[in-house]
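If you read the sequence shown in our numbering, its first letter stands for residue 3, the second for the next number, and so on.
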Amino acid sequence: MSGLQKCMTERDELANLEAERDRLRSLIALYERPDIGFPELPAWFGHVLLGIAGVAALAVAAGMLAGQIDPTLVIFAVVFLSLTAYISMRKINAFGKSMRVFDLLSYLTLTTLPGPRAPELRQRLSNCESRIVELRNAPQEPYQESPYEPHS
3 MSGLQKCMTE
13 RDELANLEAE
23 RDRLRSLIAL
33 YERPDIGFPE
43 LPAWFGHVLL
53 GIAGVAALAV
63 AAGMLAGQID
73 PTLVIFAVVF
83 LSLTAYISMR
93 KINAFGKSMR
103 VFDLLSYLTL
113 TTLPGPRAPE
123 LRQRLSNCES
133 RIVELRNAPQ
143 EPYQESPYEP
153 HS
């Protein structure tokens with residue numbers, strides 16, 4: 003392999019390693035500080051949800067009056083869903099930060115999903131950075147023209 007080819011191969015490897023290093027850093031940052039939070043919904047979406055809930059309530063009321071739906075089930079569902087919504091939107095202090103219960107559950111779900119963990123990613127990042135340093139500190143062979151190529 004000529005000096006120029008080796009130099010180009012090392013540059014390509016260095017560029018790939020730097021891209022991998024950036025990707026690993028962003029993954030580690032995601033594991034350490036996941037961006038969790040319930041997004042703010044637009045006002046029109048709230049009106050649409052309220053309309054859907056109203057239609058569902060009318061259908062349930064009609065079913066109860068017709069005797070097709072048990073009122074005990076409806077009362078249980080309304081109380082259970084109301085309490086669940088109230089509790090999931092409450093702010094609590096967790097991990098030194100004020101967050102909603104919904105956000106905490108999202109965080110716990112994110113951290114328990116299978117996948118590479120932060121220690122494994124840190125090890126891969128360490129290997130990647132050591133190889134980058136190795137390539138940058140490698141003695142650069144000066145480019146020498148091949149005696150077989152014509153001079154310009």
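Cβ atoms here follow ideal geometry from the backbone N, Cα and C, with glycine treated the same way.
Exercise for the section: Give the straight-line distance between the Cα atoms of His49 and Lys93, rounded to the nearest whole angstrom. Expected result: 24 Å
Practice task
Identify whether Met91 lies in helix, strand or coil by the three-state DSSP scheme.
Solution key: coil
Practice task
Determine, using beta carbons only, whether Leu123 and Leu29 come nearer to each other than 7 Å.
Solution key: yes
Exercise for the section: Would you please state the rounded distance, in angstroms, between the beta carbons of Ser90 and Phe104? I believe it to be under 8 Å. Expected result: 4 Å
Problem - Cutoff 8 Å; reference Ala45; Cβ partners in own chain excluding five residues on either side - result: none
Handout entry: Rounded straight-line distance, which links the Cα of Ala17 to that of Val135
Key = So the alpha carbons of these two residues sit roughly 12 Å apart.
Practice task
Report yes if the CB atom of Arg23 is closer than 7 Å to the CB atom of Cys130, and no otherwise.
Solution key: yes
Problem - Distance, Pro73 Cα to Phe82 Cα - result: 14 Å
Practice task
Starting from the C-beta of Pro121, find all residues in its chain whose C-beta is less than 8 Å away, skip the five residues before and the five after it, and write them out in chain order.
Solution key: Counting only residues of its own chain and dropping the five nearest sequence neighbours on each side, Pro121 has no CB closer than 8 Å to any other CB.
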